Amino acid sequence: MAKKYDFLFKLLLIGDSGVGKTCLIIRFAEDNFNSTYISTIGIDFKVKTIEVEGKKVKLQVWDTAGQERFKTITTAYYRGAMGIILVYDITDEKSFENIQNWMKSIKENASTGVNRMLLGNKCDIEAKRKVSKETGEKLATDHGIRFFETSAKSSINVEESFVALARDILLKSSKKPGPAGREVKLAPTQKTSSKCLLF
Amino acid sequence: MAAVKALQQWCKIQCDGYRDVAITNMTTSFRDGLAFCALIHKYRPDLIDFDTLSKENVYENNNLAFHVAEDQLGIPALLDAEDMVALRVPDRLSILTYVSQYYNYFHGRSPIGGMAGIKRPADAPTDEPSGKKNLPVTAKAFPSKPATEIRPAPNTVTTPFKPSPKQTRAANEKKVLVESSNKTGTLSSSCTACKHHVHLVQRHLVDGKLYHRNCFKCSECSNILLSGTYKPGSEPGTFICITHQNTPGSGLSHRNGPAAPRVGPTWLVNKNDRTETPRPNSALSTPVVTSHAATKPNITVSTPKVSTPIATKTQEARKKFFETTPAAPADPPSNRSQPTTNESAGKGRVLLKVADYKDKDKDKAKALITKKLAEENSNNNNTTYHSGLRPTDGKFGNKPSPAEPPSWKKGQDNPGVRGLKPVEPSLPQNTPKSTTGPLWVKTTDKESTRPPSTFSSNLKVDSDSSESPSDWRSKLKPVSKAPKASEPPFSTEAKRAEAPPKPSPTNLVPSFPPRPASSPSSAPLAVPSLPPRPASPASPGPSLPPRPTSPASSAPLAVPASQRAPSPQPARAGAGSWGFQNGKGSSSTNAPQPEVKSPKTKPDYIPKEEIMKELDEIENSLNELEKTGIQLEKQLRRSEEEGAEDNSMDELMVDWFNLIRSKQIYMRRESELVYIAKTQDLEEQQPGVEEELRRLMEKPERFKTAADKRREAELMEKLVEIVNDRNAIVEGLDEDRLREEEEDQQMNQLMQDLDIKKQKKKSAMKKLFGRKT
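Here you go:
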């Protein structure tokens, strides 16, 4: 149950309001989708345990409100994150342009060396695309981070992207117990029999 | 003893270089507390500023160490700073045991009694905020009037606790140990609550006061208080479930709490209910809620007044009701047909009152009921349950002070039947209006009309929003997701699967004692495995059914009864009560059910009953362990006195540490369950807050009143707090996991070594302690 995992990673999603952060998380954590838009208030998180490299990784995925009014609340959560996912909407150019601002926000608020990843969401709505995949890729490359085009609605690349980020963090933390690898041990104990009994 | 020497050696090495610290023994060397501080400082220099400490400040040093260890490291304070001052030569075994915990903790291994980090300190902080937050809401809802009425309740409630009055005094008392076993030690060893001797294995220190683990109870509902689930009560020296409110008005809620939730830990039940309740309120427009609340209280007040002449009686009656309420369903087995009507009426009555006082409670009750209904259809359970209770009564009879009949506790102890009867008569008084069915109906109506009553009611009220919190939630998180195989929550089934063949708790318990003696290696591991237990109880039926079986098991427990058995029983009783409520609930309202579903649907949702059931089981196990531990301690002290330095002593010591270890494992699970319950609480709470907040925020700025804005800010804060609390739990669990992971690994290793050792007749303890040094 709760303790049956080897690592705990904290991820954080940021990006303009309405780009689909919450939907991505719900798709990832609960494999679900609801097209009704409900703006996130403040902050929230969901937890999901996945397997990466044979290790059980419990991901605590933080959802932030994209709206400016919640900025003070949300930025407080940057620091604890080991991975930050920047999300834009491929049908909304403004949201893509704002990625720069979000990057800045990370710089100002997150711990250095935090893993980042760029997601262009809503890639199922090809007809309304405003931001080409190449543009997104370029931006990611410029920052030296991963990039995916995703669709929470159609379940495209959601799991993949989260797992990829988790793997990055895992590998990084196993190399050197840095900030991201807080209390992460390289060779997590395989649950012993006694433990299994317990939980 | 090699083991002890090894431990001493370890301490010596750790404390090397620390001013005024010289470990030459396991008694006086620790008296001034500097050694403890040094041990902590050695590994966590951030926690203690050693340079500022002075050898002379015995109390301060010890107090500091004990508190830091407990709060920051999760090492339970076995010792009391006052004892260290009072005793020229501290109790050796106590010091040994306590230091062994440091060893376990810092060594990252738990050769001994890995007591490290029993309970997350995080709990307390986590809860408190939420609790506080809730308070305002409730407070608003309830006019002061009810308060007065309530007041009597707390007292009565406390009655079972009779010893409590002495508590304060007791705290300071340094009673000489009565038991021969304690000759050596002069620790203050009498329980603050019951005044009886506390054996090492039972020690539970809270704010420097010693309790039997079992005696540390809520002064309002008498549930055993687990760490993170209590807060100081209104009277000094008392503690109450975190869900209770200190305000006089709260008294009522408590009562209710005990009655319905009495089931189990109130914090568990109550909290949920409360949290739920608040939700509805929040979901509704605040103003509405308050108005409702206001009206209700008045109503209630009126009722009591009627009975005023017989004020006391009424109260008693009420109490009984509360008690009975839960119990009512249970007793019926025999009387059922007849009593049912009356009882139901009475119950309904009670509920009404309660409802009046507190919407929350009502909601709670409803929720409970619905849940129960959903889960348990059979009253049979109740019956069985009761039968189980009876034995309990006999045993526990002592505990609940006989003097006070009304106390809900008594009710618990008493077979439901008994309690009921008295109630009935009283009922008429209170509820002249409608005796039987009508009352019930009435209640139902009231509840339904009231927005607070439950989610279902919410729906109505919320019409504007059209979505009750639960609905909203369901939308967000579609239930569809079936529990994933990958991370099945605690499902009993999972446990069962893993569970060793062990048939029933009964078996388990007995098995344990013998083992330590003969082959500690296997025993400790086996015992800790919680799963076995669930297996037996779980299989019989959803939640209550198991109980019946447990009574049987209780028989073995009977022995401990004299000492502490009561606790487990009450818990069970509580469970029974739940069932009852459900039964009632079913009759009253079916609507709530959907609500119930929503939480349940969540993949890893563990029904409260499950949690409580397991907590009960753990409680039983702990009692057994403690019983064994008491014997072991006696043996140890005896052989210590006899100056036994041989292997036999070593073996005893190994057994002792193993036992401590087993206890630790149970307590781990216990604290985890507390976490889970809390998380679930919070998760249920969140949507409601969000809902209201959302509505407020949607309001155009210019239309917002000052009150709106204030409320908005409040809610925002509360929302963040809920999320933070949830996060704290995630982190707390993670810290536990990391520590326990290591502990377990070490433990297994150790056990293997021990086995070998034993065979070789070598000093196992030496290995234990000497291993890393």
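Taken in sequence, the protein lines are chains D and X.
Here UniProt numbering is used: the first sequence runs in plain steps of one and ends on residue 199.
Here UniProt numbering is used: the second sequence runs in plain steps of one and ends on residue 773.
Quick reminder that beta carbons are idealized off the backbone N, C-alpha and C, glycines included.
Here the structure is a predicted model, which means the values were calculated and not measured.
1. Could you name each continuous alpha helix (DSSP H) segment of 4 residues or more that falls completely within the UniProt domain "BMERB" (595-749) of chain X, going from the start of the chain to the end?
2. Please name the residue or residues paired with Val-47 (chain D) in a DSSP beta bridge.
3. Where do the ends of the beta strand (DSSP E) carrying Tyr-230 (chain X) lie?
4. Suppose contacts are defined by Cβ-Cβ distances below 9 Å. Is Ala-677 (chain X) in contact with Ile-606 (chain X) by that definition?
5. Can you give the beta carbon distance from Asp-32 (chain X) to Asn-61 (chain X), rounded, assuming they're within the 8 Å contact cut?
6. Between the C-alpha atoms of Asn-98 (chain D) and Arg-79 (chain D), what's the straight-line distance to the nearest angstrom?
7. What are the residues in the stretch 676-707 of chain X lying within 8 Å of chain D by C-beta distance?
8. Rounded to a whole number of angstroms, what is the C-alpha to C-alpha distance between Gly-15 (chain D) and Arg-44 (chain X)?
9. Indicate whether Leu-118 (chain D) and Ile-85 (chain D) have their beta-carbon atoms separated by less than 9 Å.
10. So, for Val-85 (chain X): in the same chain, excluding its five sequence neighbours on each side, which residues have a beta-carbon less than 8 Å away from its beta-carbon?
11. Any contact between the stretch 43-54 of chain D and the stretch 718-737 of chain X? By contact I mean 3 or more CB pairs, one from each, below 8 Å.
12. Buried or exposed: which applies to Tyr-37 (chain D), given that a residue is buried once 16 or more other Cβ atoms fall within 10 Å of its Cβ?
13. With 16 as the cutoff for other CB atoms within 10 Å, does Arg-533 (chain X) come out buried or exposed?
14. At least one CB of chain D closer than 9 Å to the CB of Asp-80 (chain X): is that the case?
15. Hey, quick one: how far does the beta strand (DSSP E) through Glu-149 (chain D) stretch, first residue to last?
16. Below 7 Å on C-beta distance, what does Asp-616 (chain X) contact in chain D?
17. Gly-629 (chain X) and His-199 (chain X): beta carbons closer than 9 Å?
18. Find the residues of chain D that neighbour Met-716 (chain X), judging by a C-beta separation of less than 8 Å, and give them in chain order.
19. Please determine if the stretch 91-98 of chain X and the stretch 23-39 of chain X are in contact, where contact requires at least 3 C-beta pairs separated by less than 8 Å.
20. For Lys-175 (chain D), which of helix, strand or coil comes out of DSSP?
21. For Cys-215 (chain X), collect the residues of the same chain with a Cβ closer than 6 Å to its Cβ; drop the 5 residues on either side in sequence, then sort them by chain order.
22. Could you tell me whether the Cβ of Leu-93 (chain X) comes closer than 9 Å to any Cβ of chain D?
23. Counting only beta-carbon separations shorter than 9 Å, does Gly-18 (chain D) have a partner in chain X?
24. Taking the alpha-carbon positions, what's the Asp-89 (chain D) to Cys-23 (chain D) distance?
25. Under a Cβ-count criterion, where at least 16 other Cβ atoms within 10 Å of its own Cβ denotes burial, should Ile-13 (chain X) be classed as buried or exposed?
26. Please report the straight-line C-alpha distance between Glu-134 (chain D) and Phe-96 (chain D), rounded to a whole angstrom.
27. Per DSSP, what kind of secondary structure is Asp-89 (chain D) in: helix, strand or coil?
28. Check whether the stretch 687-700 of chain X touches the stretch 223-241 of chain X, counting contact only when three or more Cβ pairs, one atom from each stretch, lie closer than 8 Å.
29. According to a CB-to-CB cut-off of less than 7 Å, which residues of the stretch 44-72 of chain D neighbour chain X?
30. Taking the C-alpha atoms as reference points, what is the distance between Val-730 (chain X) and Gly-83 (chain D)?
31. Take every Cβ of the stretch 143-154 of chain D, pair it with every Cβ of the stretch 5-22 of chain X, and state whether three or more of those distances are shorter than 8 Å.
32. Under 7 Å Cβ-Cβ, which residues of chain X neighbour Leu-8 (chain D)?
33. What residues from chain D crowd round Leu-719 (chain X), counting only those whose CB sits closer than 7 Å?
34. Within 10 Å of its beta-carbon, does Pro-236 (chain X) have 16 or more other beta-carbons around it, so buried, or fewer, so exposed?
35. Is there at least one non-hydrogen atom of the ligand FMN closer than 8 Å to the beta-carbon of Gln-686 (chain X)?
On the basis of the supplied data:
1. Within the UniProt domain "BMERB" (595-749) of chain X, the complete alpha helix (DSSP H) segments of 4 residues or longer fall at 608-641 and 647-698, listed in chain order.
2. Here the question's residue 47 (chain D) lines up with position 47 in the first sequence. Paired residues: D:Gln-60.
3. As a first step, residue 230 (chain X) is located in the second sequence; it is residue number 230 there, counting from the start. Counting along the chain, Tyr-230 (chain X) sits inside the beta strand (DSSP E) bounded by residues 230-232.
4. Numbered from 1 along the second sequence, position 677 holds the residue referred to as residue 677 (chain X). Numbered from 1 along the second sequence, position 606 holds the residue referred to as residue 606 (chain X). The answer is yes: Cβ separation under 9 Å.
5. On the second sequence, residue 32 (chain X) is found 32 positions in, with the first residue counted as 1. On the second sequence, residue 61 (chain X) is found 61 positions in, with the first residue counted as 1. About 6 Å separates the beta carbons of Asp-32 (chain X) and Asn-61 (chain X), which is inside the 8 Å limit, making them a contact pair.
6. The count along the first sequence starts at 1 and reaches residue 98 (chain D) at position 98. The count along the first sequence starts at 1 and reaches residue 79 (chain D) at position 79. If I take the Cα positions, the gap works out to 20 Å.
7. Cβ contacts with chain D: Ile-676, Gln-686, Glu-690, Leu-693, Arg-694 and Met-697.
8. As a first step, residue 15 (chain D) must be located in the first sequence, where it is residue number 15. As a first step, residue 44 (chain X) must be located in the second sequence, where it is residue number 44. Looking at the two C-alpha atoms, the distance is approximately 39 Å.
9. As a position in the first sequence, residue 118 (chain D) is number 118, starting the count at 1. As a position in the first sequence, residue 85 (chain D) is number 85, starting the count at 1. Contact: yes.
10. In the second sequence, residue 85 (chain X) corresponds to position 85, counting from 1. The residues Val-58, Tyr-59 and Asn-62, in chain order, have a CB closer than 8 Å to that of Val-85 (chain X) in the same chain once the five nearest residues on each side in sequence are set aside.
11. In this structure the stretch 43-54 of chain D touches the stretch 718-737 of chain X; the number of beta carbon pairs closer than 8 Å is three or more.
12. Locating residue 37 (chain D) in the first sequence gives position 37, where the first residue counts as 1. By the beta-carbon neighbour count (other beta carbons within 10 angstroms, threshold 16), Tyr-37 (chain D) is exposed.
13. If you number the second sequence from 1, residue 533 (chain X) lands on position 533. In this prediction, Arg-533 (chain X) has a pLDDT of 36, which is less than 50 and means its spatial position is unreliable; what the coordinates show is noted afterwards. With 16 or more Cβ atoms within 10 Å of its Cβ, Arg-533 (chain X) is classed as buried.
14. Along the second sequence, read from residue 1 onward, the residue named residue 80 (chain X) stands at position 80. No Cβ of chain D is located within less than 9 Å of the beta carbon of Asp-80 (chain X).
15. Along the first sequence, read from residue 1 onward, the residue named residue 149 (chain D) stands at position 149. For Glu-149 (chain D), the uninterrupted beta strand (DSSP E) run begins and ends at 146-149, by DSSP.
16. Walking along the second sequence from the start, residue 616 (chain X) turns up at place 616. Simply none; closest approach about 17 Å.
17. Looking up residue 629 (chain X) in the second sequence gives position 629. Looking up residue 199 (chain X) in the second sequence gives position 199. For the pair Gly-629 (chain X) and His-199 (chain X), the CB atoms are nearer than the 9 Å cut-off.
18. The residue labelled residue 716 (chain X) in the question sits at position 716 within the second sequence. Here the neighbours are Ile-41, Gly-42 and Ile-73.
19. By the Cβ rule, the stretch 91-98 of chain X counts as touching the stretch 23-39 of chain X, because three or more pairs are nearer than 8 Å.
20. Position 175 of the first sequence, counting from 1, holds the residue named residue 175 (chain D). Helix, per DSSP.
21. Within the second sequence, residue 215 (chain X) is the residue found at index 215, counting from 1. These residues qualify, in order along the chain: Cys-191, Ala-193 and Cys-194.
22. Numbered from 1 along the second sequence, position 93 holds the residue referred to as residue 93 (chain X). Interface criterion not met: the Cβ of Leu-93 (chain X) is under 9 Å from no Cβ in chain D.
23. Working through the first sequence from its first residue, we reach residue 18 (chain D) at position 18. By this cut-off, Gly-18 (chain D) is not an interface position.
24. Within the first sequence, the letter at position 89 stands for residue 89 (chain D). Within the first sequence, the letter at position 23 stands for residue 23 (chain D). Linking Asp-89 (chain D) to Cys-23 (chain D) through their CA atoms gives a straight-line distance of about 12 Å.
25. Within the second sequence, the letter at position 13 stands for residue 13 (chain X). It is exposed - the Cβ of Ile-13 (chain X) has fewer than 16 other Cβ atoms within 10 Å.
26. Taking the first residue of the first sequence as 1, we reach residue 134 (chain D) at position 134. Taking the first residue of the first sequence as 1, we reach residue 96 (chain D) at position 96. So the two alpha carbons sit approximately 13 Å from each other.
27. Within the first sequence, the letter at position 89 stands for residue 89 (chain D). Correct three-state label for Asp-89 (chain D): strand.
28. The stretch 687-700 of chain X is not in contact with the stretch 223-241 of chain X.
29. Within the stretch 44-72 of chain D, the residues whose Cβ lies closer than 7 Å to some Cβ of chain X are Asp-44, Phe-45, Val-47, Thr-49 and Gln-60, listed in chain order.
30. Position 730 of the second sequence, counting from 1, holds the residue named residue 730 (chain X). Position 83 of the first sequence, counting from 1, holds the residue named residue 83 (chain D). If I take the Cα positions, the gap works out to 17 Å.
31. The answer is no - the stretch 5-22 of chain X does not touch the stretch 143-154 of chain D, with fewer than three Cβ pairs under 8 Å.
32. Numbered from its first residue, the first sequence carries residue 8 (chain D) at position 8. Per Cβ cutoff of 7 Å: Asp-734.
33. The sequence position of residue 719 (chain X) within the second sequence is 719, counting from 1. By Cβ distance, chain D contributes Ile-41 and Gly-42.
34. As a first step, residue 236 (chain X) must be located in the second sequence, where it is residue number 236. Answer is exposed; the Cβ neighbour count stays below 16.
35. As for the ligand FMN, it is missing from this structure, which has no ligand bound.
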